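Participant: Just so you know, the protein sequences line up as chains F, Y, D and U, in that order.
Under the working numbering, the first sequence has 70 at position 70, and the numbering climbs by one with no breaks.
Adding 1000 to a residue's 1-based position in the second sequence gives its number in the working numbering.
Adding 2000 to a residue's 1-based position in the third sequence gives its number in the working numbering.
Adding 3000 to a residue's 1-based position in the fourth sequence gives its number in the working numbering.
Just so it is clear, CB atoms sit at the ideal spot from N, CA and C, and this is done for glycine as well.
Note that the structure is predicted; figures quoted are calculated from it, not measured.
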Amino acid sequence: MAENNVSVMDRVREAGRAVITGVDEKDIAHWVEISIMGKAYKVPADLTIMQAIEYAGYRLVRSCGCRAGFCGACATVYRKKGEYKLKSAMACQTRVEDGMYLVQIPFSPAEKPLPDIRKDPYESSVLLRYFPEIARCVSCNTCTKSCPQDLQVMDYVQAALKGDFKAVAEGSFECIQCGLCALRCPAEIVQYHMAQFARRMYGKHGSPKEKNAEKRIGELKRGKFDKEFERVMALSLNELKTIYTEQQKAREVY
Amino acid sequence: MIKKIAITSENVDFLEKISKLSDQVITKCDQCGTCSGSCPMVGEMDITPAQLMRMVLLGQEEVMDSKAMWICASCFACTVRCPRGLDVSRVAEALRQITLRQAVDHIDLNDIPDCEMKRLPQIALVSAGRKFTG
Amino acid sequence: MSPAKNDPRQKSKDSPETSPFSPGLKIPYFPGCTLKTTAKNFETSALAVAELLGIELVELPRWNCCGTVTSLTSDDLIHHVAPVRNLVRVEEMNDNGAVDEETRLVALCTMCFNVLKRSNLRVLEKPEELEKINNFMYLEKDYQGKVQVVHFLELLRDLGFAKVKEKVQKTLRGLKVAPYYGCLLLRPKEIGIDDPEDPTILSELLEALGAEPINNPFKTRCCGSYQTVRDRHAVAELTYDILGRARKEGAELVITSCPLCMFNLADRQKEVVEKHPGFEPMPVLYFTQLMALAFGLEENACGFDQNYVDARPLLKGKALIK
Amino acid sequence: MKKIGVYICHCGGNISEVVDVKKVVAFAEKEADVALVRDHEHMCSETGQKLVMDDIAGHKLDKVVIAACSPQFQGPTFKATLEKAGLSPYVLEMANIREQCAWPHFDFPAEATEKAQGLARIAIAKARLDEPLTKKTFPIGKRVLVVGAGVAGIQASLDLADAGFDVHLVESKPSIGGKMLQLSRTFPTEDCAACILSPKMADVGANPNIHLWAYSEIEDIQGYLGNYKVTVRKKPTYVDPDKCTCCGECVDACPVAVPKELDEGLSTRKAIYLASPIAVPHSYVIDDKTCLGIFPLACGKCQDVCDPGAIDFDVYPESITFTVDTIVVGTGYEIFDATQKKVYGFGKYENVITALDMERMIVYASEGNPMRPMGKKIAFIQCVGSRDEQVKNEYCSRICCMYAVKLSQLVKRSDPKRDVYVFYTDLRAYGKGFEEYYKRGQAEGVKYIRGRPAELIEDPRTKKITLKVEDTLTRDIIESEFDLVVLSVGLRPHPGTERIANLLRLAKSPDGFLQEAHPKFRPVDTLTDGVFLAGTVQGPKDIPDTVAQASAASSRAIRLMNRGEYDVDPVMAFVHEASCDGCGLCVGQCPTNAISLASRGSNAGPSLSGKVAEINEALCKGCGSCIASCPKDALDLHCYTNDQLAEEIRAALAAKKGGDVRVLVFADDMTGYRLADNVGTAKMPYALDSRIIRVPSCCRITPKLMLQAFALGADGILLCESEAKSNPYPHSVSTIKSNLAKVKGILENEKIHRDRVRLVEFVTVMLGGFVKNINELSNFVRKLGPLSAEESGRLGQDMDKKLFG
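1) Could you check whether D:Leu2285 and D:Leu2320 sit closer than 8 angstroms to each other, using their CB atoms as the reference points?
2) Short of 9 angstroms Cβ to Cβ, which residues in the stretch 130 to 154 of chain F face chain D?
3) Starting from U:Pro3460, find everything on chain D with Cβ-Cβ shorter than 7 angstroms and list it in chain order.
4) Against chain F, does Y:Thr1099 count as a neighbour if the rule is that its beta carbon must be under 8 angstroms from one of theirs?
5) How would you list, in chain order, the residues of chain U whose beta-carbon sits under 8 angstroms from the beta-carbon of Y:Leu1084?
6) Spell out whether any CB of chain D is found under 8 angstroms from the CB atom of U:Val3352.
7) Should the stretch 3304 to 3320 of chain U be regarded as contacting the stretch 3241 to 3257 of chain U, the criterion being three or more beta carbon pairs within less than 8 angstroms?
8) Against U:Ile3477, what residues of chain Y qualify as contacts under a CB-to-CB distance less than 8 angstroms, listed in chain order?
9) Using C-beta distances below 7 angstroms, list every residue in its chain close to F:Asp98, excluding the 5 sequence neighbours before and after it, in chain order.
10) So U:Val3305 is in the beta strand (DSSP E); what residue range does that whole segment cover?
11) CA-CA distance, D:Thr2073 and Y:Ile1047?
12) Can D:Ile2255 and D:Leu2155 be called in contact, C-beta distance under 8 angstroms?
13) Going residue by residue through the stretch 68 to 138 of chain F, where are the continuous alpha helix (DSSP H) segments of at least 4 residues, counting only ones entirely within it?
14) Considering only their Cβ atoms, is the gap separating U:Leu3297 from U:Phe3313 smaller than 8 angstroms?
15) Cβ of F:Gln158 less than 8 angstroms from any chain A Cβ?
16) Restricting to Cα atoms, I'd like to know which of D:Cys2109, D:Ala2050, D:Gln2227, D:Lys2040 is closest to D:Lys2026.
17) In the DSSP assignment, the alpha helix (DSSP H) including U:Cys3250 goes from what residue to what residue?
18) Mapping the DSSP letters down to three states, classify U:Pro3188 as helix, strand or coil.
19) Out of curiosity, what's the CA-to-CA distance linking U:Ser3386 and U:Lys3341?
20) Give the C-beta separation of U:Gln3382 and U:Val3422 to the nearest angstrom, bearing in mind that I take them to be a contact with Cβ-Cβ under 8 angstroms.
21) How long is the line joining the alpha carbons of F:His30 and F:Arg79, rounded to whole angstroms?
22) Where Y:Ile1005 and Y:Met1045 are concerned, what is the direct C-alpha to C-alpha distance, given to the nearest angstrom?
23) Exposed or buried, what is Y:Met1001 when buried is set at 16 or more other beta-carbons lying within 10 Å of its beta-carbon?
24) Starting from U:Cys3009, follow its DSSP beta bridges and name the residues at the other end.
25) D:Glu2091: buried (16+ other C-beta within 10 angstroms of its C-beta) or exposed?
26) Name, in chain order, the residues that DSSP records as bridge partners for U:Gln3326.
27) Is it the case that the Cβ atoms of D:Glu2043 and D:Leu2053 are separated by a distance below 8 angstroms?
28) Roughly how many whole angstroms lie between the Cα atoms of D:Arg2268 and D:Ala2107?
29) Counting only Cβ pairs nearer than 7 angstroms, list the residues of chain F close to D:Ala2082.
30) Along the stretch 87 to 115 of chain F, what residues have a CB closer than 7 angstroms to any CB found in chain Y?
31) With a threshold of 16 other CB atoms inside 10 Å of the CB of D:Phe2304, please say whether the residue is buried or exposed.
32) According to DSSP, what are the bridge partners of U:Lys3234?
33) What is the DSSP secondary structure of Y:Leu1100, counted as helix, strand or coil?
34) Less than 7 angstroms between C-beta atoms, sequence neighbours within five positions excluded: which residues of the same chain meet that for Y:Arg1072?
35) On a Cα-Cα basis, can you pick out the residue from U:Met3572, U:Pro3281, U:Ala3404 that is closest to U:Asp3240?
36) Can you round the beta-carbon distance between U:Gly3451 and Y:Cys1035 to whole angstroms, since I take them to be within the 8 angstroms contact cut?
Have a look at this one:
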């Protein structure tokens, strides 16, 4: 387990280095000047925010994850020289620009109630019951402005207030749970948890059943894939590792 | 126990603060008590609305310890009757805001019993959130 | 922006618009969160009667919370963002042709009406504040100040209660109804749609429907509003006074125009009965439900099944429903 | 060759310690038309005055210039001196070298001396053109119109009649007596109101000097002091008072019953009725609004039973016109309409009544036939319709506290078992014997609770009234039932006052009552000559105050009339007929309608209409605002003629050296000039290059004069006028503004800075403001630099074209 851990960290660190290994600073034509936590740095222009931070020598053990724009762990905020707007982005998906003020922020702390989508009634009041703070929304729209996924966050919070599960589910479908909305909300609402709950309630009670999924479940039940399972179960740890690595290589993202 | 009060420059500061926040010329208050007589909630209060106005006028910050302002339902019954054209409900709001702006909430929406949560309409929760939490 | 052109501060009844009721009239309509949940019967009945009166209430697209209670402090602008954002939507509807030159915004929920109108008034009186809010909402179009917030009841008054009377299929003769106005329909003065101390608009409506209006001296007394969250028993006492008084004056039924009044007057009767066992429950309806009944709409449009105290036995007794 | 005597005063050093008097003397001696120049330690002293009188006699002086203190000070003294010496007082000019020179400029003796010379020159220049005018005297008769026959009108009429004046007393109701006739008793002495009023009413009826026009309305009033044409419309009573024996048969016969005014509708009367048992004139009246006998004759029962045949349906309203010299307005008040205060349910709840209702109830009760039960538990509510922004009455009605103190103890005394409460906010027992009376009420057990009741609720069954109020002293909420609630209603101006105010151009104060000329020193005068206020028409007051004010009003009227004539200064507009073409532009300009077009007299002139402007000197107030309107310079003002002002301006600018600037300050008599004096007295220095010229009002300074001033080398002009609301000529400020607009326009066309001419509105205490404004303007023009000869030249050219196109 511990060994596992280390190896994962190694991969991550490699990934970080991968950006610059074999690159001689002399060969880099374009540089940008940025500031990280108030300190000035000069970094190659073609890096992402996350890579730039690591290029500058910081080691990110939190606020970074899949590096592929899915997990939402590296959501961050930044400002640019001569602008008052506080921008938000996924650090792994956004290029550094000259004059960026950067800092990698930790995940916003949030209380997550544990509703039970099986037991809880599919009625409008349930959202307010678990997330009464949505009643504090002042429609200031800061959440929408801060969403790196460009979701209409305020709109779905308002929909939640009206107990409209469908609107919340659809409005928040592409949410990656990065938590920036919650971090910036003056009403201290935890939009993404609420939305997740709403999606699940909708999925369970609201949305029409998905044909293919039911078909596939049927196939599983009927043992269509039993053979394949047996084959995999038989493999040794190293064989498994190789298969996994091959797969990963196939969809290499660095 | 009869309390002795001093009137100092801080008192004036408090009065000015509330006057500004409520946008009312509180010193115009004539203490006729119309607001108190008009108040549907006065029975629940520890000091009457007129008393509240008086304490603000004299800049007694102890008024912040009273419950009256939290019991006010902002129904403007006093507003439409005050012979001096004062809006007492705005003064009560100013007092609430001073507390709430120090991140001290009057109620915690999470403490509302589940049975109530099931019954209460949005309109009630949202307005309570507005008036009782900052 | 010149408020003079179409001054929302004017009560709609004074507004000099030429024939505000052209046939097939579409008017932007703001439901508010409660009408989508616990007060569905308010909305359905209202939309139905409006249709019969030749008014199409077009729901505001992307509407958000009205703001719910006006923030009363001089410096607290953020709470006026929500209402103003809704007013922007109305202007958008006019720009994109969803409605035709119709800057009235109709609200059913009294609290929404009050808050929207009051914020509108405030930003019109203080252009500097409007500018601030417009800048803050830089993603939206600027609010031009063209909108006039009216309550559905005002709309009916402008239309003329005579017109309402024409539509009556089933006159409510013999039904003793006490109108309950509460606060926000009448106060403060510059917002209210009728005399703050002695309003009559609901009685006029009831007369048009053939019912017998009962004057309740507590008709404008506050129901306790949001205090219902903090101290439900205190609110129940107010309910006891208000309904008890209506009963004393001879009323069999109470009507209101506010979902919060409805909750405090109707649902809180549970608490009232707990404290005053002798209390005789009093059915409370939205005025639009009675209109729907009188207009001969079928019961599901009236939505009697969603009221806390069932009015149907009474109405059956009066042979108004089967 | 004029003979002007010039006298320079030392003022016991006040002047001579700063100004080199000798130099001023030397300077004055060189001025043309100056016969002699003297200086004296104290011109105002006996010896100083003697000096002047002797010179007038000895040297045959025809004009006198005295350079000394302000004319506001010793002007009257020296005028008298001239009169004693047989000269017109209007050939005196004073150079104010103390307040305007020695005092403010005490630090600059040399410059001060120069300025003193300048001021002397200005005075001399004006004196040259002074005319030996005399005071204007107008005849005035002894006829007075008194409007309204309440206690105020009655008192005024009696005073005037007793003093031998001829009084027309007009009352719209069938009987005189007004509201007092309805009252039970009067506070604090508890006299029976009707008992003390009826003899006075009888006196009015009996007094040969009083023409009583009862049941009559003022239809029209035209004219002015000494000549008011009054038209009265007399409503028909249908009963001939001479034939009527007041037997009352008709009343029994009459089938129509309507609410009785005297009893505030608590009882009824017939369509034919006697307004009150003590009515004056004591005669029956048919109320044709409700009578069935008036066109078409459907009833006529009364006529049938009337033996003397006093009733005649075939009579019609008649209009009578007569002329009076002065007018006393006493149209009084009406009580606040309590239905406006919806929370108290007056008109809806049978047990909520007004205090006036209570007065009537007490009257009936004391006569042993109560009109309705009073109950055991009675509440009085104070300040109903007073001190209440919600009903737009912010004022205190003054009498409600005391009448409640009275009524409450009367009902308590009539039945000590009664529970009587008075709910008040402030109890104002300010008058003689009031506090003692209040204490008596308390002693008899009336309970006073400090709090303004918020709402009254009637019990649908018992009809008792539940009253909710905070006892603001104990901070408890009282919610309790009463048998009867009495609203102590405030006072409102009587609706009838509106007409009169419009007819006589009387101003209203914000509370809606009529505005007195001056709140302190002219409390019963109005700004319309010969019109006086008596009683509550001017504001709420009790009976003694009303009577006192009525007497005051009549004595003010007598003061005007009893000499048979009255004087006014000859400061009045006059017409140069030769240049007037009768265009009539000026007619509309006059705020007192003193100008009219008359058919042309002997001397011909250019004429459009064959008419010529004519000034009614009795109406002209001498403000000079008409003059600017005349394109032909045909209008002018005595004592401040166009030529005189032009000469003053020329003189004021004469000594101006090249390169330096000069600011002309025109100061109105009422405020500007006095302000300058106050500034001087306070020894506050201001720009030495300013010259102050006195005018009755700055609206006298026509655009043409301003342009002339610039043409003659003025670099800046400051108009100092009393602020509109304390200005004796209420219109003047607006006139000045329009004049100013013209001039500024022309300056702009000529590429000259428009702010070289300014208006400042002042009150006499704004000393700092006065100095600041003069200095500002002088610095301003200093920065701009003096007008070039070429610029002022341009302004000088065809001014009339610039002004009138």
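Facilitator: The answer reads as follows:
1) No; because the gap between Cβ atoms is not below 8 angstroms, this pair is not in contact.
2) Within the stretch 130 to 154 of chain F, those residues whose Cβ lies closer than 9 angstroms to any Cβ of chain D are, in chain order, Ala135, Cys137, Val138, Ser139, Cys140, Asn141, Thr144, Lys145, Gln152, Met154.
3) Near U:Pro3460 (Cβ distances below 7 angstroms), the residues of chain D are Lys2248, Glu2249.
4) With a threshold of 8 angstroms between beta carbons, Y:Thr1099 makes no contact with chain F.
5) Correcting the residue type first, residue 1084 of chain Y is Arg in the shown sequence and not Leu. In chain order: Glu3389.
6) At a cut-off of 8 angstroms between C-beta atoms, U:Val3352 does not count as an interface residue with respect to chain D.
7) Cβ pair count under 8 angstroms is three or more, so yes.
8) For U:Ile3477, the C-beta contacts it makes with chain Y under 8 angstroms involve Ser1036, Gly1037, Val1042, Gly1043, Thr1048, in order along the chain.
9) So the qualifying residues of the chain are Val32, Glu33.
10) Careful: U:Val3305 lies outside any beta strand (DSSP E), inside the alpha helix (DSSP H) at 3301 to 3305.
11) Cα to Cα, D:Thr2073 sits roughly 22 angstroms from Y:Ile1047.
12) Contact flag unset, no.
13) Secondary structure within the stretch 68 to 138 of chain F: the alpha helix (DSSP H) runs of 4 or more consecutive residues, fully enclosed, are 125 to 130 (chain order).
14) The answer is yes: Cβ separation under 8 angstroms.
15) Annotation note: the requested chain A is absent from the structure, which comprises protein chains F, Y, D and U.
16) Closest in alpha carbon position to D:Lys2026, among D:Cys2109, D:Ala2050, D:Gln2227, D:Lys2040, is D:Ala2050.
17) Membership of U:Cys3250 in the alpha helix (DSSP H) is indicated by the continuous run 3249 to 3253.
18) In this structure, U:Pro3188 counts as coil in the three-state DSSP scheme.
19) The straight-line gap from Cα to Cα measures roughly 11 angstroms.
20) Rounded, the Cβ-Cβ distance is 7 angstroms, consistent with contact.
21) Near 21 angstroms, if we compare the C-alpha coordinates of F:Arg79 and F:His30.
22) Near 22 angstroms, if we compare the C-alpha coordinates of Y:Met1045 and Y:Ile1005.
23) Exposed: under 16 other Cβ atoms inside 10 Å.
24) Answer is U:His3040.
25) Answer is buried; the Cβ neighbour count reaches 16.
26) Before going on, a small fix: residue 3326 of chain U reads as Thr here, not Gln. Assignment of beta-bridge partners to U:Thr3326 by DSSP yields U:Val3144.
27) Not a contact, by the Cβ cut-off of 8 angstroms.
28) C-alpha separation (whole angstroms): 25 angstroms.
29) By Cβ distance, chain F contributes Val138, Ser139.
30) Result list empty, no residue passes.
31) The residue is buried, with at least 16 neighbouring Cβ atoms inside 10 Å.
32) U:Ser3216, U:Glu3318.
33) For Y:Leu1100, the three-state secondary structure derived from DSSP is helix.
34) One detail in the question is off: residue 1072 of chain Y reads as Cys in this sequence, not Arg. If we look at Y:Cys1072 and ignore the five residues flanking it on each side, its Cβ neighbours are Met1041, Ser1089, Ala1092.
35) Among U:Met3572, U:Pro3281, U:Ala3404, the Cα nearest to that of U:Asp3240 belongs to U:Pro3281.
36) Their Cβ separation, rounded to whole angstroms, is 11 angstroms, which puts U:Gly3451 and Y:Cys1035 out of contact at 8 angstroms.
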